[in-house]
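The opening residue of the sequence shown carries number 546 in the numbering used here; numbering runs sequentially from there.
The beta carbon of each residue, even a glycine, is placed where N, CA and C say it ideally should be.
Remember, it's a predicted structure, so these values are computed and weren't measured experimentally.
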Amino acid sequence: MARREKPLDPDAGPVQAFAVALREARREAGQPTYRALAQKAGYSASTLSEAAAGERLPSLPVALAYVAACGAASDGWEDRWRAAAVAGAVSAPVDDATEAPYRGLARYETGDAAVFFGRDQLTGALLELVREHRFTALSGPSGSGKTSLLRAGLLPALQHENTLELRPAALRILTPGPRPVHIHATALSAREDTAGDTVIVVDQFEELFTLCTDVSERTEFLRRLLAAREPDSRLRVVIAVRADFLGRCADHSELAAALRGTLLLVGPMSRDELRQTITGPAQAAGLMVERSLTARLLAEAEGQPGALPLLSHALLETWRRRQGRTLTEVAYESTGGLHGSIARTAEDCYAGLTSDQTGLARTILLRLITPGDGTPDTRCPTPHAQLGLGAPADTAAVLERLTRARLITVDDGVVDLAHEALITAWPRLDGWLDTDRDRLRIHRRLTDAAIAWHDLHRDPGALYRGALLTAAEDAFPPADRPCELTDLERDFLTAGTTARHREQRIAVRMARRQRRFVVVLSALLAVVVVAGLLAWQQHRRSEEEGRRSTLLEQSALSRKLAAKATALLRTDAELGSLLALHAYRAYPTTDAVMSLRAAAALRHQHRLTKHRDGYFEVAYGRDADTLVTLDSQGVRLWHERSGESRVVVKSRAAGRIRLSPDGRTLAVEERSGLQLWDVATRSIRTTLDAGKGVVDVAFSPDGRTVAIAGYESPTRLWDAATGDLRATLTDENEIWSLAFSPDGRVLATGSDKGIRLWDTTTAKARAVTLADDTKFGLYLAFSPDNSRVLAAMGINDADHVQLWDVTTGRTRARLDADDSAYMAFSPDGRILAVSNDDGQIFLWDTATGRPRTVLTDRGSVYALMFSPDGRSLAVGTDTAVRLWDTDLPTEPGDAIRTICRAVRRDLTSEQYSTYLPGQPHHRACASG
546 MARREKPLDP
556 DAGPVQAFAV
566 ALREARREAG
576 QPTYRALAQK
586 AGYSASTLSE
596 AAAGERLPSL
606 PVALAYVAAC
616 GAASDGWEDR
626 WRAAAVAGAV
636 SAPVDDATEA
646 PYRGLARYET
656 GDAAVFFGRD
666 QLTGALLELV
676 REHRFTALSG
686 PSGSGKTSLL
696 RAGLLPALQH
706 ENTLELRPAA
716 LRILTPGPRP
726 VHIHATALSA
736 REDTAGDTVI
746 VVDQFEELFT
756 LCTDVSERTE
766 FLRRLLAARE
776 PDSRLRVVIA
786 VRADFLGRCA
796 DHSELAAALR
806 GTLLLVGPMS
816 RDELRQTITG
826 PAQAAGLMVE
836 RSLTARLLAE
846 AEGQPGALPL
856 LSHALLETWR
866 RRQGRTLTEV
876 AYESTGGLHG
886 SIARTAEDCY
896 AGLTSDQTGL
906 ARTILLRLIT
916 PGDGTPDTRC
926 PTPHAQLGLG
936 APADTAAVLE
946 RLTRARLITV
956 DDGVVDLAHE
966 ALITAWPRLD
976 GWLDTDRDRL
986 RIHRRLTDAA
996 IAWHDLHRDP
1006 GALYRGALLT
1016 AAEDAFPPAD
1026 RPCELTDLER
1036 DFLTAGTTAR
1046 HREQRIAVRM
1056 ARRQRRFVVV
1066 LSALLAVVVV
1076 AGLLAWQQHR
1086 RSEEEGRRST
1096 LLEQSALSRK
1106 LAAKATALLR
1116 TDAELGSLLA
1126 LHAYRAYPTT
1136 DAVMSLRAAA
1146 ALRHQHRLTK
1156 HRDGYFEVAY
1166 GRDADTLVTL
1176 DSQGVRLWHE
1186 RSGESRVVVK
1196 SRAAGRIRLS
1206 PDGRTLAVEE
1216 RSGLQLWDVA
1226 TRSIRTTLDA
1236 GKGVVDVAFS
1246 PDGRTVAIAG
1256 YESPTRLWDA
1266 ATGDLRATLT
1276 DENEIWSLAF
1286 SPDGRVLATG
1296 SDKGIRLWDT
1306 TTAKARAVTL
1316 ADDTKFGLYL
1326 AFSPDNSRVL
1336 AAMGINDADH
1346 VQLWDVTTGR
1356 TRARLDADDS
1366 AYMAFSPDGR
1376 ILAVSNDDGQ
1386 IFLWDTATGR
1396 PRTVLTDRGS
1406 VYALMFSPDG
1416 RSLAVGTDTA
1426 VRLWDTDLPT
1436 EPGDAIRTIC
1446 RAVRRDLTSE
1456 QYSTYLPGQP
1466 HHRACASG
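Here it is in structure tokens:
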């Protein structure tokens, strides 16, 4: 028979209510004995019995095992346990009379060495550095425990230094503040009345960059600290700086040099060090920490940078909720945990303030923070006098409550955040900071300016003016100033506003006087100004007319010289080139630029033939080294590199020639018809009927079909290999020219009635007609890179070449080419070469419709063709075959340099008098 348990009242507390619920689960299971439950739960019978005794809350694993052993559903039991844990912890009494072994967010002081654990190894390393060097630095992230290490670790160790010569004469600890030299001038000197060195510990060294805005004072403070490195200084300096400010330290060369070999980095604690930090203070105070709590804190804090203040605060709040002499996991849960305990403490404190006090608390806390500029936010220790905001009673109450909650510290009249961890750990404060960040920066500048104004005995010259005053007034309207600004700050802003109004009134009076003076002066000067203006306008008009006249003269001279140069390039290239240079020097007209390009192009051509004869046709083979020409002796095959040739067809009656694109078949017009020659064997393959004569011949791109337009006969398509007739185009018009599209599907015919497009497969005309008059069709050419673009040369009164889209029948471009005779596309279709009756060949840019340059040949042009690689243009004339490089200088500067490298003289005096009479002498190649 199981022993009856002591009755419990569920209303006695959350622990008793939870125990009653456990007993009910056991009753519903049939009231098994605790020995039977222990076999299922894995815990002893006494542990399970104590869980339901109602004296203390069991751990969560024990409670869940109890319920599972009873066969009850586990849903909701964890939440019930946590609710009981929180309620029980909150209702636990707090013993304020006993000194806490943990310091929470506050730093450990020199007198706390007995409860300062976990930093023995780091303290020893720092002490060794101080012994060896006169300047030492300690650095680590915020929350790594640098301040406590200095005060509760290093300083007590120095006080108990056993070596007489290393025992310090004095120990001084300070923080820079806004005016470090002014405040700490005495502390920076060595003590002279006793043996030993004076040790100066500078904590929060980053304040030198965040609070001290005077560069000269910052530099002097650094100079005095670094002077400790001198052997006879009798000073030893230790600085502690946040790791994110080491870059600012590196900006100072002497400080950076001093840190080499003397910097000790503070990293996260090891697991053993964390265990000492958790259990050591409790054991020193005669307390215990539950093993489960120790394990949980180690798991949550290990490897976390900046976790020490969070850990210390959570332990302090857990100590305040302890059960007897034990710090329990239940009590830790009620604090909010490692990352929630600070926020819970701060929110509890904030909730206890009145509505007026909450606004005052926000203002005070934000005053204690310096917003970062590319760096994390930092603390801003503030004199108590600068917190005289609102009603004095409310200010005192808020400061007292914040201090009692250990959120701030008040030390020697200076109020400061207990730790920077509060900034990020309390979401409400972090939100305030994000909202007011810009306003806080304005306020920090305002505070510094007000203090400087006060130190200068309220000198009006130190007041805000202009944009600074406007920004401060916008940030702090008059209605907000009593509760947000100190008396000094309000006086400073009021004085600035008053000074501005006074200066504005003075300015208004001065403006009135100036206006009267201006009226009188204006009346006196009006006549002078008007007279001067008229004279100036007349002078300017005269100068403008002179410049215009000079410009017209130079432009006319430029065009005249350009025309003469173009004409001379055919007979006297050197003189023509010099005149082209002088034409461009006179004025860069379009004519001058074209003549300059033509002169430069002469240096990019060479004569292929070695004797004078008429060359009426030219054609390239498959490679750029083989060229076929037709002259009065017949058909010649040339090797471009060697210049050697041989006659492949001897005939004085030969008319037109065409070379198939594959270079295998040569079409030669003879009286008997159109002969198709095999280029390899130099034998006639077949002769095609050409009627009364050949007007034009065209090979298809694959070389298999040859189209012949004859006099008074229709256009026929022949098989180039067999000589069989493939098709006849039914067109009553007189055909002048033929052109196959690059894909061979379309044959364009030009006639006296316009241009028609034929389908080579069906031999039927397409619906699109490009021109229905006699102005086009004399010469046709498809762009090799685009089956849609067809170039057509005009006749009669037409003075241009037209580019057509054969798909739509629309004009794509119009090239103004006077007296055009022959034309040819470059292989990439970007250039269209068009010759005229004067022996000039214009190279047109098909994309822009503008001429790139002009080539001036010495004879009448009968044939044009680009080499397969597009690098050369073969020109057949009545005197020779010339090959022109197509990579020609088009920019005036390049053309000038090309000409000047070839022509190494200037105009003679006689030539100067002939072509530039009355013009000052200038060297054509003097520059550029």
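DSSP places P928 in the strand class (E or B) of the three-state scheme.
Residues of the same chain with a CB within less than 6 Å of the CB of P1434, apart from the 5 flanking positions on each side, are A1145, A1440 and T1443 in chain order.
Note on geometry: alpha-carbon atoms of P606 and V746 lie some 49 Å from one another. Contiguous beta strand (DSSP E) elements confined to the stretch 919-983 occur at 953-956 and 959-962, taking only those with 3 or more residues. Straight across, the Cα-Cα distance linking E1162 with E1436 is about 32 Å.
Going by DSSP, A1044 is part of the alpha helix (DSSP H) stretching over D1032 to L1113. E623 counts as exposed, since fewer than 16 other C-beta atoms from the protein chains shown sit within 10 angstroms of its C-beta.
Taking every protein chain shown into account, the CB of A941 has fewer than 16 other CB atoms within 10 angstroms, so this residue is exposed. Shown here, P713 sits in coil according to DSSP, grouped into three states, outside any helix or strand. In this structure, DSSP gives V1224 a state outside helix and strand, which the three-state scheme calls coil. The C-alpha of T1398 is placed about 17 Å away from the C-alpha of L1113.
Relative to the Cα of C757, the nearest Cα in the group T720, E737 and P603 belongs to T720. One thing to note: T927 has its Cβ within 8 Å of the Cβ of L913. Within the same chain, Cβ atoms closer than 6 Å to the Cβ of A1131 are found at Q1099, L1102 and S1103, the five residues on either side in sequence being excluded. DSSP, reduced to helix, strand and coil, places Q1347 within a strand of the structure shown. Going by DSSP, A1243 is part of the beta strand (DSSP E) stretching over V1239 to F1244. Nearest Cα to Q666 within the set G698, T692 and S589: G698. The C-alpha of L711 is placed about 20 Å away from the C-alpha of L808.
The Cβ-Cβ distance between G1218 and S1245 does not fall below 8 Å.
In the DSSP assignment, T890 falls within the unbroken alpha helix (DSSP H) covering S886 to A896. C-alpha of P921 to C-alpha of R989: approximately 16 Å in a straight line. It is roughly 35 Å from the alpha-carbon of A966 to the alpha-carbon of G621. For H1184, the pairing in a beta bridge is given by DSSP as T1171. Between K1237 and P1133, the alpha-carbon positions lie close to 53 Å from each other. For G1255, the pairing in a beta bridge is given by DSSP as V1239 and S1258. Within the DSSP secondary-structure output, N1381 pairs in a beta bridge with S1365. Around L674, the same chain offers T681, T807 and L809 as residues with beta carbons nearer than 8 Å, after the five sequence neighbours per side are excluded. Three or more Cβ pairs closer than 8 Å define a contact, and the stretch 1348-1367 falls short of that threshold against the stretch 1074-1086. With contacts defined as CB atoms closer than 8 Å, H929 and V959 qualify as a contacting pair.
In this structure, the beta-carbon distance from L683 to K691 falls below 8 Å. Closest in alpha carbon position to Y1460, among D1330, A1164, L1123 and I718, is L1123. Looking from the CA of P776, the closest CA among S761, T743, L753 and E751 belongs to T743.
Around the beta carbon of G669, fewer than 16 other beta carbons sit within 10 angstroms, so the residue counts as exposed. R973 and Q576 have their alpha carbons spaced roughly 51 Å apart. A distance of 8 Å or more separates the beta carbons of A1265 and T1226. Three or more beta-carbon pairs separated by less than 8 Å are not found between the stretch 1290-1300 and the stretch 1357-1365, which leaves the two stretches without contact.
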